[in-house]
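There are 2 protein chains.
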Amino acid sequence: MIKHLVVIGPGLIGGSFALALKRQGLVERVTGVGRGRANLEHALKLGIIDAIGESLPAAVKDADLVLAAIPVGAMPALFRELAEALPAGAILTDAGSTKQDVIAAARAALGGKIGQFIPGHPIAGAETNGAGAAHAHLFEGKPVILTPLTENRAEDIDRVESLWVACGARVARMDKSDHDRVFAAVSHLPHLAAFALMEELAARPDANTFFRFAGSGFRDFSRIAGSHPEMWRDIALANREALLGELDTYIDKLESIRCMIEARDGSGLEQLFARARQARNNWIKGKFE
Amino acid sequence: MIKHLVVIGPGLIGGSFALALKRQGLVERVTGVGRGRANLEHALKLGIIDAIGESLPAAVKDADLVLAAIPVGAMPALFRELAEALPAGAILTDAGSTKQDVIAAARAALGGKIGQFIPGHPIAGAETNGAGAAHAHLFEGKPVILTPLTENRAEDIDRVESLWVACGARVARMDKSDHDRVFAAVSHLPHLAAFALMEELAARPDANTFFRFAGSGFRDFSRIAGSHPEMWRDIALANREALLGELDTYIDKLESIRCMIEARDGSGLEQLFARARQARNNWIKGKFE
Numbered sequence: 000m001i002k003h004l005v006v007i008g009p010g011l012i013g014g015s016f017a018l019a020l021k022r023q024g025l026v027e028r029v030t031g032v033g034r035g036r037a038n039l040e041h042a043l044k045l046g047i048i049d050a051i052g053e054s055l056p057a058a059v060k061d062a063d064l065v066l067a068a069i070p071v072g073a074m075p076a077l078f079r080e081l082a083e084a085l086p087a088g089a090i091l092t093d094a095g096s097t098k099q100d101v102i103a104a105a106r107a108a109l110g111g112k113i114g115q116f117i118p119g120h121p122i123a124g125a126e127t128n129g130a131g132a133a134h135a136h137l138f139e140g141k142p143v144i145l146t147p148l149t150e151n152r153a154e155d156i157d158r159v160e161s162l163w164v165a166c167g168a169r170v171a172r173m174d175k176s177d178h179d180r181v182f183a184a185v186s187h188l189p190h191l192a193a194f195a196l197m198e199e200l201a202a203r204p205d206a207n208t209f210f211r212f213a214g215s216g217f218r219d220f221s222r223i224a225g226s227h228p229e230m231w232r233d234i235a236l237a238n239r240e241a242l243l244g245e246l247d248t249y250i251d252k253l254e255s256i257r258c259m260i261e262a263r264d265g266s267g268l269e270q271l272f273a274r275a276r277q278a279r280n281n282w283i284k285g286k287f288e
Numbered sequence: 000m001i002k003h004l005v006v007i008g009p010g011l012i013g014g015s016f017a018l019a020l021k022r023q024g025l026v027e028r029v030t031g032v033g034r035g036r037a038n039l040e041h042a043l044k045l046g047i048i049d050a051i052g053e054s055l056p057a058a059v060k061d062a063d064l065v066l067a068a069i070p071v072g073a074m075p076a077l078f079r080e081l082a083e084a085l086p087a088g089a090i091l092t093d094a095g096s097t098k099q100d101v102i103a104a105a106r107a108a109l110g111g112k113i114g115q116f117i118p119g120h121p122i123a124g125a126e127t128n129g130a131g132a133a134h135a136h137l138f139e140g141k142p143v144i145l146t147p148l149t150e151n152r153a154e155d156i157d158r159v160e161s162l163w164v165a166c167g168a169r170v171a172r173m174d175k176s177d178h179d180r181v182f183a184a185v186s187h188l189p190h191l192a193a194f195a196l197m198e199e200l201a202a203r204p205d206a207n208t209f210f211r212f213a214g215s216g217f218r219d220f221s222r223i224a225g226s227h228p229e230m231w232r233d234i235a236l237a238n239r240e241a242l243l244g245e246l247d248t249y250i251d252k253l254e255s256i257r258c259m260i261e262a263r264d265g266s267g268l269e270q271l272f273a274r275a276r277q278a279r280n281n282w283i284k285g286k287f288e
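Chains A and B, in that order, are what the protein sequence lines are.
Mapping of the first sequence onto numbering that gives the first Met the number 0: position 118 corresponds to residue 117, and the numbering continues sequentially without gaps.
Mapping of the second sequence onto numbering that gives the first Met the number 0: position 118 corresponds to residue 117, and the numbering continues sequentially without gaps.
Written out as structure tokens, the structure reads:
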């Protein structure tokens, strides 16, 4: 049981975590802290949080658990504030989409309190955001990655894990660099690819002619282009090295498809598409059966 | 009322057209013709077609309407067969995803019968295919593009249009080159982009590490990578010129995003993502409200 949960950024992710724990009866009281007053008031009205923290130090002073659910670029400043404010008994965890940079920022700021920080990443993003998008079932069946530090206490890691499990999530533990490498490929790159297509089309003088006839394939492909610009700016910069590598690999693959089309290599194209289709079908079966 | 509809390729598209017309009581009898015996028998069993045509000439000899719903690369050979077999009173239409090449093939083969061919393209693809995927509601609310020829009779175009409208589709008429330009951008390119990502990931020695953590964004982005390899091979080759242009534009955009990440241009990235998000939100609103 958590007596006092502080959610820094009670939006889609932070708000859903609070709601899921409330639903399970695992938290007594939730305080929300954040930059956006309107979102905090909305979260309060929706019963996601029970109080708005007027300052971070005041909010966390008797917290058992602090969840940082803000864009990763905002983490360093938060950790600097928490270096003093975080009470000795509290666990700090996060929902950042990148882990190496968040951990580096925590290490740089938290000093002797670094062991209290259990890095995490729930895989439950959406193109919606804010407290209004939060719901208690968001994490059901979704992966949550923990990338624990050598300084963490085993019982603290287990405690954070058990809370995510209570939210319905499937928790996995990974090395922080494996995490960033994997998510550069399966999440960050696809987001860039969708943003790129949408932005390029929208900039055309006759954009409406294109959008008018875009169908359901386009709709699904581009869904993640509706994601939060600031959050994705931070992710792109935070996971820069891995993402540059993924972009190069992807552009190379597109170039090789371009060459096949130019050379009218129907057989090569068909084989490539067939391998892609097979992989997709295998993945869907493994994923949802 | 269609007395005898012949569907060449009674799969997802051809089969759904037959089912929708049957449901509306607009067709008396449907014959299926195709390369795949198993699919034809499945279509017969499902009541999509009432008979299997043993040969194309025999099947079409008393047809009012012939729908060619096969990969665009298979159209030229079909048109050559139909040049002799198509009866004078019949309308021929198609469901090909590209229009300039299909029309060129029809023109090359059909001679004096070219006026009987009303080129069409229903925008209702899916990653499923075959008669088993067909259903009577597939075209409801979906766009169908007609790219009529100067040789077409106005009443024949209207007749094909009215049948698609009866299927629930929103019919638009376009110039064939506009069609191919628009669909290169909003359909063909996204398919290549999804195939590329999926194939590249699957070829990695540690592919499972990646697929294991891929989430719902990846699922939606990659859905169209489950599309039919032969059909998409044909589209890529048939719409080669427009698609090469779209690939170049897209690769340039990805390169410019790569440069922003390399230069740590957070502001540029955020603005680009925000324009993409705004365009996506506008499109969804215009599309579904």
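We treat Cβ as the ideally placed atom computed from N, Cα and C, and that holds for glycine.
Burial state of residue i, where buried means 16 or more other Cβ atoms lie within 10 Å
i              : result
E261 (chain A) : exposed
F287 (chain B) : With a pLDDT of only 46 at F287 (chain B), under the threshold of 50, the placement of this residue in the model should not be trusted; the figure read from the coordinates follows. Exposed.
N207 (chain B) : exposed
S15 (chain A)  : buried
G214 (chain B) : buried
R276 (chain A) : buried
S54 (chain B)  : exposed
M0 (chain A)   : exposed
P118 (chain B) : buried
R263 (chain A) : exposed
Q99 (chain B)  : buried
A73 (chain B)  : buried
P204 (chain A) : exposed
A133 (chain A) : buried
E83 (chain B)  : exposed
A68 (chain A)  : buried
G290 (chain A) : As shown, chain A starts at 0 and ends at 288. That puts residue 290 (chain A) outside it, with no answer to give.
Partner residues on chain B for residue i, Cβ-Cβ distance less than 7 Å
i              : result
P228 (chain A) : E269, F272, A273 and R276
I122 (chain A) : F212 and G214
P189 (chain A) : L196, G216, F217 and F220
R232 (chain A) : G265, L268, E269 and F272
R257 (chain A) : L243 and L246
Beta-carbon gap between residue i and residue j smaller than 7 Å
i              : j              : result
A289 (chain A) : A135 (chain A) : This structure cannot settle anything about residue 289 (chain A), because the visible part of chain A is limited to 0 through 288.
Q111 (chain B) : N151 (chain B) : Checking the displayed sequence, the identity of residue 111 (chain B) turns out to be Gly instead of Gln. Cβ distance not < 7 Å, so G111 (chain B) and N151 (chain B) don't count as in contact.
F59 (chain A)  : V5 (chain A)   : According to the sequence provided, residue 59 (chain A) is Val. The question's Phe does not apply to it. In contact: V59 (chain A) and V5 (chain A) (Cβ atoms closer than 7 Å).
T97 (chain B)  : I234 (chain B) : yes
G31 (chain B)  : L25 (chain B)  : no
G42 (chain B)  : A103 (chain B) : According to the sequence displayed, residue 42 (chain B) carries Ala and not Gly. No. Outside cutoff.
V29 (chain A)  : A37 (chain A)  : no
I223 (chain A) : A202 (chain A) : no
H3 (chain A)   : D63 (chain A)  : yes
G225 (chain B) : R279 (chain A) : yes
P228 (chain B) : F272 (chain A) : yes
L66 (chain B)  : G13 (chain B)  : yes
Q23 (chain A)  : A168 (chain A) : no
P142 (chain A) : F212 (chain B) : yes
P86 (chain B)  : I48 (chain B)  : no
A241 (chain B) : D155 (chain B) : no
A183 (chain B) : N128 (chain B) : no
V101 (chain B) : F209 (chain A) : no
R232 (chain B) : G265 (chain A) : yes
Chain A residues whose Cβ lies nearer than 8 Å to that of residue i
i              : result
T248 (chain B) : E199
N280 (chain B) : G225
A192 (chain B) : A192, L196, F220 and L253
F209 (chain B) : V181, A184 and V185
Closer than 8 Å at the beta carbon, the chain B residues around residue i
i              : result
L242 (chain A) : I260
L298 (chain A) : With chain A covering 0 to 288 only, the question about residue 298 (chain A) has no answer from this structure.
R239 (chain A) : I260, E261 and R263
P204 (chain A) : Here the premise fails: no neighbours, minimum Cβ distance about 13 Å.
Where residue i meets chain B, residues with beta-carbon distance less than 9 Å
i              : result
E254 (chain A) : L246 and I250
S186 (chain A) : F212, A213, G214, G216 and F217
Inter-stretch contact at 8 Å, needing at least 3 Cβ pairs: the region 179 to 188 of chain A / the region 156 to 165 of chain A
no
In chain order, which beta strand (DSSP E) runs of at least 3 residues are fully inside the region 97 to 128 of chain A?
119 to 121, all fully within the region 97 to 128 of chain A.
At least three beta-carbon pairs within less than 8 Å, the region 101 to 110 of chain B to the region 72 to 82 of chain B:
The region 101 to 110 of chain B is in contact with the region 72 to 82 of chain B.
Between the region 165 to 175 of chain A and the region 142 to 149 of chain A, do three or more beta carbon pairs fall short of 8 Å?
yes
Measuring CB atoms only, is the region 237 to 246 of chain B touching the region 253 to 268 of chain A, in the sense that at least three cross pairs come out at less than 8 Å?
The answer is yes - the region 253 to 268 of chain A touches the region 237 to 246 of chain B, with three or more Cβ pairs under 8 Å.
Taking only runs of the alpha helix (DSSP H) that begin and end inside the region 207 to 233 of chain B, which ones reach a length of at least 4 residues, in chain order?
215 to 221
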